[in-house]
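Residue numbers (UniProt numbering): 1 to 195.
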């Protein structure tokens, strides 16, 4: 059994009355509320600065989002324009290729006809020259070897034979005049004259 001194010590540890307990609770609550109000007052500048910083962050984010939207719009406009230009140039290139294929060697129809007429005139002149001169003399005039001159002559005769245009007479110089011209242009002119 506990002694009287121990019992007294235990009794001293408990609140003796209910009003004391309530008072103690009220005072503690007031102290806590007062401290909370004090902390809120101390934290007010922090909260205010944080709110202002949050506004600035929101402004920065909004501007960044607007800039990004503008970039995306410009990229879309650029892509559309590039696609349009690509389509336009594809059509132009196709038309140019069609024109190139429709004209041989890039010549118009009139130019082709003129070229063909000149080639026939050239062939007639070669054949007419060969009638009054040798293959060697033709080679000298053309600036090629004798064998190549013979090939040119044969090709000229073939072109005239396959041409639907009638062979027109070509005025030619006399054999003497032709020979004189050939001798004058030949590197071995002095020897030829001496002979």
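Idealized CB from N, CA, C, for every residue including glycine.
Treat the numbers as computed from the prediction; the structure is a model and nothing was measured.
Assignment of residue 162 by DSSP, reduced to helix, strand and coil, places it in the helix class. No Cβ-Cβ contact shorter than 9 Å links residue 127 with residue 107.
In the DSSP assignment, residue 136 falls within the unbroken alpha helix (DSSP H) covering 135-142.
Residue 123 is positioned such that its CB atom lies closer than 9 Å to that of residue 157. Here residue 149 really is in contact with residue 139; their C-beta atoms are around 4 Å apart, less than 8 Å. Membership of residue 120 in the alpha helix (DSSP H) is indicated by the continuous run 109-131. Within the segment 36-92, no run of beta strand (DSSP E) reaches 3 residues while sitting entirely inside it. For residue 24 and residue 53, the gap between their C-alpha atoms comes out near 43 Å.
C-alpha of residue 47 to C-alpha of residue 64: approximately 25 Å in a straight line. Taking C-beta separations shorter than 8 Å and ignoring five residues to either side along the sequence, residue 98 has no partners in its chain. As the crow flies, the alpha-carbon of residue 100 is around 32 Å from that of residue 78. Distances from the CA of residue 118 to each of 91, 160, 85 and 102 were compared; the closest alpha carbon is that of 160.
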